[in-house]
Amino acid sequence: MAVVGVDFGSLHSKIGVARHRGIDIIVNEVSNRATPSLVSFGPKQRAIGEAAKTLETSNFRNTIGSLKRLVGRTVHDPEIEEVEKKFTHVNLVDVGGTLGAQVNYLGEQRTFTVTQLVGMYLGKLRDIAANELKTGVTDIVIAVPGWYTDIQRRAVLDAAQIAGLNVLRLINDTTAVALGYGITKSDLPEPENPRNVVFVDVGHSSTSVAVVAFSKGQLTVKSTAYERHVGGRDIDYALVQHFAAEFKTKYKIDVLSSPKAMFRLAAGCDRVKKVLSANAESPLNVESIMNDVDASSRLNRDEYEGLIAGVLDRLPLPMQQALTESGLSLEQIDAIELVGGGTRIPAVRAKIQSVFPGKALSTTLNQDEAAARGATFACAMLSPVFRVRDFSMHDITPYSIKVQWQPQPDDTDEDTELVVFPHGNPIPSTKVLTFYRRQPFDLEARYAEPAALPGGINPWIASFSAKNVAPDDKGDFTCVRVRTRLNVHGVMSFEQAFVEVEEEREDKNDAMQVDAPEGEAAPSKKKKVVKKKIEVPFVWGSSSLEASVLEKYKEQEAQMHAADKLVMDTEDRKNALEEYVYDTRARLDERYAPYVQAAEKEQLLAALQHAEDWLYSEEGEDANKSAYVERLDALKVLGDPITFRYREAEDRTRVVAQLRETINNYMAQATSGEERFAHIEEKDKQAIVEKCATVQKWLEDQLVRQTERPKDVEPVLTAAEMLKKKDEIIYFATPILTKPKPKPKVEPTAETPKSGTQTPNPNPEPAAEGATEGAKEGAKESAKEEPNGPSEMDVD
Numbered sequence: 007m008a009v010v011g012v013d014f015g016s017l018h019s020k021i022g023v024a025r026h027r028g029i030d031i032i033v034n035e036v037s038n039r040a041t042p043s044l045v046s047f048g049p050k051q052r053a054i055g056e057a058a059k060t061l062e063t064s065n066f067r068n069t070i071g072s073l074k075r076l077v078g079r080t081v082h083d084p085e086i087e088e089v090e091k092k093f094t095h096v097n098l099v100d101v102g103g104t105l106g107a108q109v110n111y112l113g114e115q116r117t118f119t120v121t122q123l124v125g126m127y128l129g130k131l132r133d134i135a136a137n138e139l140k141t142g143v144t145d146i147v148i149a150v151p152g153w154y155t156d157i158q159r160r161a162v163l164d165a166a167q168i169a170g171l172n173v174l175r176l177i178n179d180t181t182a183v184a185l186g187y188g189i190t191k192s193d194l195p196e197p198e199n200p201r202n203v204v205f206v207d208v209g210h211s212s213t214s215v216a217v218v219a220f221s222k223g224q225l226t227v228k229s230t231a232y233e234r235h236v237g238g239r240d241i242d243y244a245l246v247q248h249f250a251a252e253f254k255t256k257y258k259i260d261v262l263s264s265p266k267a268m269f270r271l272a273a274g275c276d277r278v279k280k281v282l283s284a285n286a287e288s289p290l291n292v293e294s295i296m297n298d299v300d301a302s303s304r305l306n307r308d309e310y311e312g313l314i315a316g317v318l319d320r321l322p323l324p325m326q327q328a329l330t331e332s333g334l335s336l337e338q339i340d341a342i343e344l345v346g347g348g349t350r351i352p353a354v355r356a357k358i359q360s361v362f363p364g365k366a367l368s369t370t371l372n373q374d375e376a377a378a379r380g381a382t383f384a385c386a387m388l389s390p391v392f393r394v395r396d397f398s399m400h401d402i403t404p405y406s407i408k409v410q411w412q413p414q415p416d417d418t419d420e421d422t423e424l425v426v427f428p429h430g431n432p433i434p435s436t437k438v439l440t441f442y443r444r445q446p447f448d449l450e451a452r453y454a455e456p457a458a459l460p461g462g463i464n465p466w467i468a469s470f471s472a473k474n475v476a477p478d479d480k481g482d483f484t485c486v487r488v489r490t491r492l493n494v495h496g497v498m499s500f501e502q503a504f505v506e507v508e509e510e511r512e513d514k515n516d517a518m519q520v521d522a523p524e525g526e527a528a529p530s531k532k533k534k535v536v537k538k539k540i541e542v543p544f545v546w547g548s549s550s551l552e553a554s555v556l557e558k559y560k561e562q563e564a565q566m567h568a569a570d571k572l573v574m575d576t577e578d579r580k581n582a583l584e585e586y587v588y589d590t591r592a593r594l595d596e597r598y599a600p601y602v603q604a605a606e607k608e609q610l611l612a613a614l615q616h617a618e619d620w621l622y623s624e625e626g627e628d629a630n631k632s633a634y635v636e637r638l639d640a641l642k643v644l645g646d647p648i649t650f651r652y653r654e655a656e657d658r659t660r661v662v663a664q665l666r667e668t669i670n671n672y673m674a675q676a677t678s679g680e681e682r683f684a685h686i687e688e689k690d691k692q693a694i695v696e697k698c699a700t701v702q703k704w705l706e707d708q709l710v711r712q713t714e715r716p717k718d719v720e721p722v723l724t725a726a727e728m729l730k731k732k733d734e735i736i737y738f739a740t741p742i743l744t745k746p747k748p749k750p751k752v753e754p755t756a757e758t759p760k761s762g763t764q765t766p767n768p769n770p771e772p773a774a775e776g777a778t779e780g781a782k783e784g785a786k787e788s789a790k791e792e793p794n795g796p797s798e799m800d801v802d
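Reading the sequence shown from the start, the letters are residues 7 to 802 in the working numbering.
So, in structure tokens, the structure goes:
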């Protein structure tokens, strides 16, 4: 069972695996530890991750990023229109009430929901992990933003199912970071005096803050706060706006009007941001940004910090909020841990320091991989395969959840809503709600404070409808209990509805009844009242995909995945054919020259030229896999005999040396007078000598014949034949030479008189000549084993 954790990022994602008694962050197909969060569509196939990154500029209309920001949203969300469209150039559309993208795929317009796109991307991460681990990957833990709502979390869970993954837990990214921090600590205090640590994560698109209390064997999240629009991309965008305005005046070009120019400028601004993190000044050079203009500029750190001041000013608020909600004072905070690439910027660190004056900012964790490591630890804790130190997590929900209902017709004063899971409620958590009803009723779960949600997110969570509810036997209200749960993923569900009724049962624990005297009534048995649960049928719905839709998406993903693999295999066969044409043609005039006849060379060169012409024809450009395989096989029929002669000539000297060494070795052992071979009969030794001599004569004869044979014809002596002869000698001689020595015979050492009386022998015979000490000891041991038996032999 593979143990895999994923940090699902806005710019890129990291994959962690548990192995070698630790956590490793694995690399993708181009040996990068971070895989770009991109999906691109082309005329022949999809490109995901690194392959999509290479197409981001040239195929920007069909390349979708920011999947983490788009999942679970609708096209009408104000945040999508006002914020996210600045960072994507794909046509975002409505697909069945959820956000989707319209792209050109396989030569036609197609629409995919963002949930499907995330499923495609998770499938790529699954394949990377499976390729690294050499096994299938199904169970996974995914780190997601703590500010994700129920709809967004369910969308990620649906996407994982589309990719064929079983999510053991959706873990909040700051909680994952805290787990990776705490589970390896051996010096955590007792629960009465916990260590309080603030985690500040400034990522690519958002900032998260969590205050966590650590004690032996556990962590408790005390508070969380978020700023969803402060991150690396917001800083990049501020620089893009600055340089675009400068270039409009300086070069008379409008960078913002060209998506390709914006991509090039954004890449340059990202480099400037990194340089200014360690230097006072940085140049900006963008070749051929647009209209064949090479743009250049410079920026110093003071100017840079002035440009991003608006972004930085929003940074302290979530830290102050988290500290306030934790109920801790600044003096009670023991450490400030920074993670996320944004915390490398000096101006960002200065803002964080301003909120925690006098506290040292620590970077003991890997700033880019801490969440992935924590998610992998969480997966290992849930896996039966790995043994992990006992460590419990107590997470909380960032939003209040309420349940509301319609009042009963005859009770206008009835409350119509109840906050079931308040802000900061532990995760997981179960609550039982009690309703008094005479008829079926409906419930609806919603977020209690819609203003606290990401802009435009629907506050609706789930609906519930209880069936077959009627008055009790007396015509009064029926008490219906509804069990709700906030599970480890942070999503809410309605688990059960039931009615409790009381009934009398015989008390099985009552003392044994005594039989009554004849003519008297038997004493009555004691009874007890027990409560029995009667299930109330109900239906409920959430934002999760319906089973039929989910199956359809799974089938589509499987088909696209198979089509991608076929295209890749076809491209591999095409490349193999092209490589064979060029390599073989070059070698015919070089290393293969002595081994090819003129007629063979002419025929092969003509076939190679024909294959090359076909490859670059219209037919060869878009041929199927079998066509490339067929043509490559046809060329190998002509080229393999030549390659065979060359390889035989190259290997002959080495294999001949191996065979001669084997012959000499076994012949030397068979003719040696060593004591370890003294027990082997001479006829067996002679058989080995004759076998070696026969093979040696065969070898010398074949070598003479091969020397007289031209190099451009088939060899008479092949490496395979010589290796076979080598094995023949080994299999023939080894059983003979390794035959064990026979056990030495034990000679009699005493006599017994005819009368059978046991008397000592006055003239004991000496031990047989040649008897070994081992044999003597063996005789002694035999006597010891039978103390009551005869110690001497009977003599006639």
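Where is the CB? At the ideal position from N, CA and C, for every residue including glycine. Since the model is a prediction, treat every value here as computed from it, not as a measurement.
Item	Value
Buried or exposed by the 16-neighbour rule on C-beta atoms within 10 Å, applied to Lys228	buried
Of the residues Arg443, Val488, Gly312 and Leu492, the one placed nearest Gly481, counting alpha carbons only	Arg443
Inter-residue spacing [alpha-carbon to alpha-carbon] between Asp434 and Met399	The question names Asp, but residue 434 is Pro in the sequence shown. Going by the C-alpha atoms only, they are around 10 Å apart.
Collapsed DSSP secondary structure at Lys731 in the structure displayed	helix
Between the CA atoms of Asp595 and Leu638 - distance to the nearest angstrom	20 Å
Contacts around Arg489, its chain only, beta-carbon distance under 6 Å, and the 5 residues preceding and following it disregarded	Val438, Glu501 and Gln502
Given Gly186 as reference, the closest of Leu743, Glu720 and Glu343 once Cα atoms are compared	Glu343
Identity of the residue in Asn630, Ser632, Ser623 and Tyr586 nearest Leu610 by Cα	Tyr586
Under the three-state DSSP convention, the category His567 falls into	helix
Enclosing beta strand (DSSP E) for Pro195 [first to last residue]	Pro195 -> no beta strand (DSSP E), and no H or E assigned at all.
Per-residue DSSP class, three states only, for Arg27	coil
Extent of the continuous beta strand (DSSP E) to which Leu449 belongs	Phe447 to Tyr453
Spatial neighbours of Arg270 in its chain, beta-carbon cut-off 6 Å, leaving aside the 5 residues before and after	Val292 and Ile295
4 or more residues per run - each alpha helix (DSSP H) lying fully within the segment 190-266	238-256
Where the alpha helix (DSSP H) containing His616 begins and where it ends	Ala604 to Leu621
Euclidean distance between Cα positions of Pro477 and Arg379	55 Å
Residue environment, Val162, which counts as buried when at least 16 other CB atoms sit within 10 Å	buried
For Phe253 and Gln247, the rounded distance between their alpha carbons	10 Å
Strand pairing of Cys485, partner residues [DSSP]	Tyr442
Val204 versus Tyr243 - alpha carbon distance	28 Å
Counterpart residues of Val545 in DSSP-defined beta bridges	Ser471
Distance, Lys20 Cα to Phe441 Cα	47 Å
Beta carbon of Glu803 nearer than 9 Å to that of Arg79	Absent from the structure is residue 803, since the part of the chain shown begins at 7 and ends at 802.
Inter-residue spacing [alpha-carbon to alpha-carbon] between Val602 and Asp657	18 Å
Member of Val573, Trp620, Gln327 and Val23 whose CA lies at the smallest distance from the CA of Ala136	Val23
Helix, strand or coil at Ile694 according to DSSP, with G and I counted as helix	helix
With 16 other Cβ atoms within 10 Å as the buried cut-off, status of Leu282	buried
Simplified DSSP assignment, three categories, for Ile407	strand
Short Cβ contact (9 Å threshold) for Leu174 with Cys385	yes
Spatial distance of Arg666 from Val391 (CA atoms)	51 Å
For Asn172, the first and last residue of its enclosing beta strand (DSSP E)	Asn172 to Asn178
CA nearest to the CA of Ser72, picked from Gly237, Met387 and Ile157	Gly237
Endpoints, the alpha helix (DSSP H) within which Ala655 is located	Lys631 to Thr677
CB contact flag (Ala166, Asp13, <9 Å)	no
Distance, Asn297 Cα to Thr121 Cα	38 Å
Opening and closing residue of the beta strand (DSSP E) in which Glu114 lies	Glu114 to Thr119
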